[in-house]
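Novice:
Protein chains: 2
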Amino acid sequence: MEKRYVIGVDLGGTKISTALAELNGNIISEYTIPTNAAGGEQEVLGRILSAIEKVLALGDKKVDEIKSIGIGSPGPLDSKKGIILETPNLPFENFHLVKPIEERFKIPTYLENDANAAAIGEFMFGAGKNTKNMVYITVSTGIGAGAIVDGRIYRGNTCNALELGHTTILPEGPRCNCGNYGCLEALASGTAIARIANEKLKAGAESSLKSYEVVTSYEVFEEARKGDKLSSDIIDKSLEYLGIGVSNIITIMDPEIVVLGGGVSLAGEIVFDKVNKVINKRCFKVLRENCRVVPAALVKQSGVIGAVALAIMESQ
Amino acid sequence: MEKRYVIGVDLGGTKISTALAELNGNIISEYTIPTNAAGGEQEVLGRILSAIEKVLALGDKKVDEIKSIGIGSPGPLDSKKGIILETPNLPFENFHLVKPIEERFKIPTYLENDANAAAIGEFMFGAGKNTKNMVYITVSTGIGAGAIVDGRIYRGNTCNALELGHTTILPEGPRCNCGNYGCLEALASGTAIARIANEKLKAGAESSLKSYEVVTSYEVFEEARKGDKLSSDIIDKSLEYLGIGVSNIITIMDPEIVVLGGGVSLAGEIVFDKVNKVINKRCFKVLRENCRVVPAALVKQSGVIGAVALAIMESQ
């Protein structure tokens with residue numbers, strides 16, 4: 000039977016999103032279930048398998064019409080071997096995810112870091128269309144990134160390249176979840192913005208943020224927009240660091256385009272204005288004049304479309 | 000006539016080094032002349048052309064036995080077009096270097112950033128032999144780098160990738176020659192080490208460095224080795240920053256091997272011990288356990304052998 004479809008699986012800490020799509024990325028059916036990470040490895044695997052069956056049934060397609068399955072997962076992974084090495088928000092450790100899926104469905108299955116999968120999605124169907132060298136950066140709870148080099152995903156030797164969130168940009172900076180100090184992620188992620196705001200509030204700073212029971216990066220952006228001084232200062236400093244991270248990746252990778260995605264990027268103009276200002280200050284002219292920084296096009300569906308794009312790219 | 004040889008040209012601020020070599024890298028003849036940069040573009044070009052003729056004559060070969068010419072030059076360049084865009088220590092600005100050489104000799108000629116050329120040299124004939132993904136970093140007056148990805152030089156969109164020396168690792172750090180603040184080069188290059196030492200001496204610091212008329216990074220390393228406190232502190236801090244730069248490039252490129260070259264790397268164990276210590280502190284386990292940091296093998300001839308290797312790689 001002609002294999003004209005692929006399946007994408009976005010494995011997240013709270014939900015598993017799947018989509019059945021044509022080879023041009025057109026989505027036929029979608030299905031999402033809770034991850035139930037607390038249930039352990041086999042429970043989550045079982046949910047992935049049944050979600051794949053469900054999305055097939057919803058799209059009225061058969062297993063032998065499917066060319067490939069792409070899975071985007073938090074890392075670090077061994078994507079060559081199809082293993083999840085460890086994940087902070089999922090119960091997997093050295094877990095063979097690809098093997099049981101291939102055994103069940105007899106469909107070639109590809110596992111990729113979720114930021115890499117999202118990068119492939121933006122490259123094939125989003126803001127990176129018609130480019131050849133692209134860096135994708137997602138700024139939300141954490142900061143992840145992926146690079147497309149000459150039209151292919153850049154993996155590196157262990158398939159864990161582009162961990163931009165864990166590059167050091169302030170050697171004596173705050174401790175990061177990874178154990179290092181002064182990582183970009185500890186300075187500019189949504190979590191970092193919320194942490195800094197809550198620390199300042201606890202220390203008695205004056206701010207309209209005091210009216211909220213829970214302060215996340217969303218509220219800090221909101222109050223900054225309304226003119227709150229503390230919020231504005233925090234946002235400005237975080238975006239300065241984000242701009243440094245973007246400048247550094249431009250200086251190293253020399254891409255045509257940097258696509259910024261993730262929740263923080265949704266704040267829009269304030270983010271892009273500041274990041275561009277920092278790039279103009281810190282990057283070589285030849286590099287910055289030949290690189291655009293643009294918003295992601297697939298923000299909310301970046302995970303599952305990324306997984307679909309991964310399946311398409313890898314099966315070509 | 001069978002083309003069994005290549006020519007490498009290392010264009011430096013003070014001298015032009017050329018070598019005629021077999022396709023396996025074996026050098027047949029070498030010739031070096033002063034650059035005479037003060038003489039201007041046409042003067043330097045004339046010297047390059049006559050050096051190529053001289054190294055051919057010394058090797059007793061004819062123009063039509065030469066497969067290709069490789070030129071390593073300081074950047075930024077447009078290596079696709081064969082243009083030197085601008086160079087701090089050479090008189091070139093938007094200068095077509097490849098065109099007049101190809102016109103004179105009718106030999107395909109390739110221009111590459113000198114750090115990239117040295118990276119190709121280490122990859123083909125030095126410490127990076129038998130690897131596929133390598134980062135080369137040279138630490139001397141400046142800090143340059145080049146990456147080999149799947150056996151090819153990584154250029155980026157404008158051919159100016161891997162400007163590691165100009166990534167920011169201390170946002171409020173000292174001003175760099177490039178105009179930015181807190182670049183790796185302004186913190187960890189030989190020039191930076193000398194500058195910091197001279198600043199401290201001028202401010203009245205106690206140190207055995209006082210006995211020298213001129214203090215370069217060489218003397219700082221020497222006195223650190225003999226136990227001078229000021230020198231040790233300066234070296235330790237600079238190598239901490241170098242270690243951060245190396246950690247960041249490992250975190251982004253995920254290479255099999257990092258080759259450290261340039262004058263500063265010749266200080267040996269003290270450099271590699273400290274850099275490895277920082278990597279252990281700052282890099283993901285999966286990345287650091289799969290990447291070795293090793294000394295360059297071609298240090299003194301890295302320029303001209305790199306240019307030869309460039310000629311060989313590009314003509315394949």
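Sequence order for the protein chains is A and B. With numbering that gives the first Met the number 0, letter number 8 in the first sequence gets 7, and the count goes up by one each step, no holes. With numbering that gives the first Met the number 0, letter number 216 in the second sequence gets 215, and the count goes up by one each step, no holes. For every residue, glycine included, the Cβ atom is placed at its ideal position computed from N, Cα and C. On a predicted model such as this, the values are computed, not experimentally measured, just so you know.
Pick helix, strand or coil for Phe91 of chain B, following the three-state DSSP scheme.
Specialist: In the second sequence, residue 91 of chain B corresponds to position 92, counting from 1. DSSP places Phe91 of chain B in coil when its eight states are reduced to three.
Novice: Output yes or no for whether 8 Å exceeds the beta carbon distance between Gly189 of chain A and Gly164 of chain A.
Specialist: Taking the first residue of the first sequence as 1, we reach residue 189 of chain A at position 190. Taking the first residue of the first sequence as 1, we reach residue 164 of chain A at position 165. No, these two residues do not count as a Cβ contact at 8 Å.
Novice: The beta strand (DSSP E) that contains Leu19 of chain A, what's its start and end?
Specialist: The residue labelled residue 19 of chain A in the question sits at position 20 within the first sequence. Looking at the DSSP string, the run of the beta strand (DSSP E) that includes Leu19 of chain A is Lys14 to Glu21.
Novice: First and last residue of the alpha helix (DSSP H) that includes Gly321 of chain B?
Specialist: A question about residue 321 of chain B goes unanswered here, because the residues of chain B that appear run from 0 up to 315.
Novice: In chain B, what lies closer than 7 Å to Glu255 of chain A by C-beta?
Specialist: Taking the first sequence and counting its residues from 1, the one referred to as residue 255 of chain A is at position 256. The answer, in chain order, is Asn156.
Novice: Only counting runs of 3 or more residues, tell me where the beta strand (DSSP E) segments fall wholly within the stretch 65-116 of chain A, in order along the chain.
Specialist: The qualifying runs are 65-72, 82-85, 92-95 and 108-112.
Novice: Looking at the strands, I want to know which residues DSSP matches up with Arg151 of chain A.
Specialist: Along the first sequence, read from residue 1 onward, the residue named residue 151 of chain A stands at position 152. DSSP lists A:Val148 as partners of Arg151 of chain A.
Novice: From what residue to what residue does the alpha helix (DSSP H) around Tyr240 of chain B run?
Specialist: Locating residue 240 of chain B in the second sequence gives position 241, counting from the first residue. Run containing Tyr240 of chain B: Lys228 to Met252, per the alpha helix (DSSP H) assignment.
Novice: Is there a Cβ from chain A that is less than 8 Å from the Cβ of Ser246 of chain B?
Specialist: Residue mapping note: residue 246 of chain B aligns to position 247 of the second sequence, counting from 1. Yes, contact with chain A.
Novice: I think Asn159 of chain B touches Leu161 of chain A, with their Cβ atoms under 8 Å apart; what is that distance to the nearest whole Å?
Specialist: Residue mapping note: residue 159 of chain B aligns to position 160 of the second sequence, counting from 1. Residue mapping note: residue 161 of chain A aligns to position 162 of the first sequence, counting from 1. Not really, about 19 Å apart at Cβ, beyond 8 Å.
Novice: Could you check whether Gly7 of chain A and Thr34 of chain A sit closer than 8 Å to each other, using their CB atoms as the reference points?
Specialist: As a working note, residue 34 of chain A is residue 35 in the first sequence. As a working note, residue 7 of chain A is residue 8 in the first sequence. It is not a contact, given that the beta carbons lie outside the stated cut-off.
Novice: Using 8 Å as the limit for Cβ to Cβ distance, is Ile251 of chain A near chain B?
Specialist: On the first sequence, residue 251 of chain A is found 252 positions in, with the first residue counted as 1. Yes - at least one Cβ of chain B is within 8 Å of the one on Ile251 of chain A.
Novice: With a threshold of 7 Å, establish whether the CB of Glu212 of chain B neighbours any heavy atom of the ligand ADP.
Specialist: No copy of the ligand ADP appears in this structure; indeed no ligand is present at all.
Novice: Under 7 Å between beta-carbons, which chain A residues line up against Phe220 of chain B? List them in chain order, please.
Specialist: Position 221 of the second sequence holds residue 220 of chain B. Residues of chain A passing the Cβ test: none, with the nearest at roughly 22 Å.
Novice: Between which two residues does the beta strand (DSSP E) harbouring Thr137 of chain B extend?
Specialist: Translated into positions along the second sequence, residue 137 of chain B becomes position 138. That run of the beta strand (DSSP E) goes Met133 to Val138.
Novice: I need the straight-line Cα distance from Gly81 of chain B to Arg103 of chain B, nearest angstrom please.
Specialist: As a working note, residue 81 of chain B is residue 82 in the second sequence. As a working note, residue 103 of chain B is residue 104 in the second sequence. Distance between the alpha carbons of Gly81 of chain B and Arg103 of chain B is about 15 Å.
Novice: Would Val270 of chain B be called buried (16 or more neighbouring beta carbons within 10 Å of its own) or exposed?
Specialist: Translated into the one-based positions of the second sequence, residue 270 of chain B becomes position 271. Its Cβ being crowded by 16 or more others within 10 Å, Val270 of chain B is buried.
Novice: Report yes if the CB atom of Ser319 of chain A is closer than 8 Å to the CB atom of Pro294 of chain A, and no otherwise.
Specialist: The requested residue 319 of chain A does not occur in the structure, where chain A is confined to residues 0 to 315.
Novice: Tell me Leu259 of chain A's beta-bridge partners as DSSP assigns them.
Specialist: Position 260 of the first sequence holds residue 259 of chain A. Looking at the DSSP assignment, Leu259 of chain A forms a beta bridge with A:Ile136 and A:Pro294.
Novice: Which residues in chain A sit within 9 Å of His95 of chain B, going by Cβ to Cβ distance?
Specialist: In the second sequence, the residue the question calls residue 95 of chain B occupies position 96. By Cβ distance, chain A contributes nothing, its closest Cβ being about 16 Å from His95 of chain B, past 9 Å.
Novice: By the 10 Å Cβ neighbour count, where 16 or more other Cβ atoms means buried, how is Met0 of chain A classified, buried or exposed?
Specialist: Taking the first sequence and counting its residues from 1, the one referred to as residue 0 of chain A is at position 1. Exposed: under 16 other Cβ atoms inside 10 Å.
Novice: Classify Glu268 of chain A: buried if its beta carbon has 16 or more other beta carbons within 10 angstroms, exposed otherwise.
Specialist: The residue you call residue 268 of chain A lines up with position 269 of the first sequence. The residue in question, Glu268 of chain A, is exposed, as its Cβ has fewer than 16 Cβ neighbours within 10 Å.
Novice: Of all the residues that make up the stretch 280-291 of chain B, which are near chain A by a beta-carbon distance shorter than 9 Å?
Specialist: Correct list: Lys280, Arg281, Cys282, Phe283, Lys284, Val285, Leu286, Glu288, Asn289 and Cys290.
Novice: To the nearest whole angstrom, what separates the beta carbons of Ser139 of chain A and Gly305 of chain A, a pair I think is in contact under 8 Å?
Specialist: Working through the first sequence from its first residue, we reach residue 139 of chain A at position 140. Working through the first sequence from its first residue, we reach residue 305 of chain A at position 306. The pair is not a contact, with the Cβ atoms about 14 Å apart (cut-off 8 Å).
Novice: Buried or exposed for Lys105 of chain A, going by 16 or more other Cβ atoms inside 10 Å?
Specialist: By 1-based counting over the first sequence, the position of residue 105 of chain A is 106. It is exposed - the Cβ of Lys105 of chain A has fewer than 16 other Cβ atoms within 10 Å.
Novice: Kindly list the residues whose CB is nearer than 8 Å to the CB of Arg3 of chain B, restricted to its own chain and excluding five residues on each side of it in sequence; keep chain order.
Specialist: Position 4 of the second sequence, counting from 1, holds the residue named residue 3 of chain B. Cβ within range, chain order: Glu21, Leu22, Glu64 and Lys66.
Novice: What's the C-alpha gap between Thr166 of chain B and Lys201 of chain B?
Specialist: Counted from its first residue, the second sequence places residue 166 of chain B at position 167. Counted from its first residue, the second sequence places residue 201 of chain B at position 202. Those two C-alpha atoms are separated by around 29 Å.
Novice: Under a Cβ-count criterion, where at least 16 other Cβ atoms within 10 Å of its own Cβ denotes burial, should Pro87 of chain B be classed as buried or exposed?
Specialist: Sequence index remark: in the second sequence, residue 87 of chain B carries index 88 (1-based). Counting Cβ neighbours within 10 Å, Pro87 of chain B comes out exposed, since fewer than 16 surround it.
Novice: Does the beta carbon of Ile6 of chain A come closer than 8 Å to any beta carbon on chain B?
Specialist: Taking the first sequence and counting its residues from 1, the one referred to as residue 6 of chain A is at position 7. No, Ile6 of chain A does not count as interfacial toward chain B.
Novice: How about Ile27 of chain B and Gly69 of chain B: are their beta carbons less than 8 Å apart?
Specialist: Sequence index remark: in the second sequence, residue 27 of chain B carries index 28 (1-based). Sequence index remark: in the second sequence, residue 69 of chain B carries index 70 (1-based). The answer is no: Cβ separation not under 8 Å.
Novice: Grab the span of the alpha helix (DSSP H) containing Tyr217 of chain A for me, first residue to last.
Specialist: The residue labelled residue 217 of chain A in the question sits at position 218 within the first sequence. Start and end: Ser216 to Arg224.
Novice: Output, in chain order, the set of chain A residues within a Cβ distance shorter than 8 Å of Ile243 of chain B.
Specialist: Mapped onto the second sequence, residue 243 of chain B falls at position 244. Those within 8 Å of Ile243 of chain B in chain A are Thr167 and Pro170.
Novice: Quick check on Asn279 of chain B: buried or exposed, where buried means 16 or more other Cβ atoms within 10 Å of its Cβ?
Specialist: Position 280 of the second sequence, counted from the start, is the residue given in the question as residue 279 of chain B. Exposed is the call here.
Novice: Under 8 Å between C-beta atoms, does Leu89 of chain B make it to chain A?
Specialist: Walking along the second sequence from the start, residue 89 of chain B turns up at place 90. Output row for Leu89 of chain B: interface = no.
Novice: Assign Gln41 of chain A to buried or exposed, taking buried as 16 or more other Cβ atoms, counted over all protein chains shown, within 10 Å of its Cβ.
Specialist: Within the first sequence, numbered from 1, the residue matching residue 41 of chain A stands at position 42. By the 10 Å Cβ count, Gln41 of chain A comes out exposed.
Novice: Which chain A residues are close to Leu84 of chain B, counting only those with a beta carbon under 8 Å from its beta carbon?
Specialist: Within the second sequence, the letter at position 85 stands for residue 84 of chain B. The answer, in chain order, is Val285.
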